[in-house]
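Line by line, the protein sequences give chains A and B. Position 21 of the first sequence, counting from 1, maps to 45 under this note's numbering, and the rest follow consecutively. Position 10 of the second sequence, counting from 1, maps to 19 under this note's numbering, and the rest follow consecutively. The beta carbon of each residue, even a glycine, is placed where N, CA and C say it ideally should be. Here's the structure, in structure tokens; my notes come after.
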Amino acid sequence: GAGVSQSPSNKVTEKGKDVELRCDPISGHTALYWYRQSLGQGLEFLIYFQGNSAPDKSGLPSDRFSAERTGGSVSTLTIQRTQQEDSAVYLCASRGGRGETQYFGPGTRLLVL
Amino acid sequence: QKEVEQNSGPLSVPEGAIASLNCTYSDRGSQSFFWYRQYSGKSPELIMFIYSNGDKEDGRFTAQLNKASQYVSLLIRDSQPSDSATYLCAPEEDTGRRALTFGSGTRLQVQP
């Protein structure tokens with residue numbers, strides 16, 4: 025079956041613009057995560073969704089970041105007024121299945137000029 | 010602040026040798042531990058997970074866990090050049106969200 029998909033794969037934007045990143049989890053997976061991987065750094069947790077419940081936003085680095093998940097499936101991560109330090113790879117993961125492991129999408133590589 | 014420590018490497022081993030990757034973690038509440046492989050420019054790919062003390066084998070890979078020492082390792086037998094990648098250790102939080110805390114990874118180079 026299809027894995028986690030993300031779009032766009034690459035995004036170049038100018039400082040101050042808003043961007044939207046999309047994640048389509050594995051069908052049937054109820055848990056969805058966003059992580060960020062900055063150059064030379066480890067992955068850091070951003071936000072967690074479980075089904076239609078209110079998300080855990082405790083990892084979001086600033087109020088310029090927001091995310092939503094529609095119908096318990098597709099999620100969108102929005103970054104408003106982008107800054108150069110937002111440049112990173114944004115990874116989405118979904119969890120489910122027998123092993124309850126997280127499976128990652130291919131990521132969106134964001135470059136803020 | 011939960012921490013995961015890995016030797017950044019690079020760890021260089023000859024083809025056919027055993028590669029040993031180590032990881033220590035600070036969160037005593039973690040019960041499940043995951044190893045991901047990440048090729049340059051790609052997203053993490055699950056190798057295996059372990060949640061019981063001791064060894065768990067899957068093909069050429071063996072994960073070892075010692076919760077008392079807060080230590081987890083990954084052994085790769087008969088290393089191949091295609092194993093050259095960064096290996097990420099990721100304990101799972103013992104919380105409802107079960108987010109992963111990642112180490113910075115160990116870069117493995119398998120020399121042909």
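Remark: C-beta atoms of A:Gly96 and A:Cys116 do not approach each other more closely than 8 Å. B:Ser78 and A:Val36 have their C-alpha atoms some 44 Å from each other. Here B:Ser91 carries a helix assignment [DSSP, helix/strand/coil]. Take the alpha-carbon of B:Thr95 and the one of A:Ala55: they are about 26 Å apart. The three-state secondary structure of A:Gln108, taken from DSSP, is helix. Neighbours of B:Arg46 in chain A, taken as residues whose beta carbon is under 8 Å from its own, are absent, since the nearest beta carbon is some 11 Å off. Counting along the chain, B:Ile59 sits inside the beta strand (DSSP E) bounded by residues 54 to 59. With a cutoff of 8 Å on beta-carbon distance, A:Thr125 and B:Phe111 are scored as not near each other.
In this structure, DSSP gives A:Gly120 an extended state, which the three-state scheme calls strand.
Spanning the alpha carbons of A:Glu109 and B:Ala108 requires a straight line of approximately 23 Å. Across the structure, B:Pro90 and B:Pro121 are spaced so that their CA atoms are roughly 6 Å apart.
When the beta-carbon positions are compared, B:Asp87 and B:Gly25 come within less than 8 Å of each other. Using a CB distance below 7 Å, the part of the region 77 to 111 of chain B facing chain A consists of Arg106, Ala108, Leu109, Phe111, ordered along the chain. In the DSSP assignment, A:Ala55 falls within the unbroken beta strand (DSSP E) covering 55 to 61. At the C-beta level, B:Val119 and B:Val22 come within 8 Å of one another.
With respect to A:Thr102, A:Glu44 sits close: the two C-beta atoms are nearer than 8 Å.
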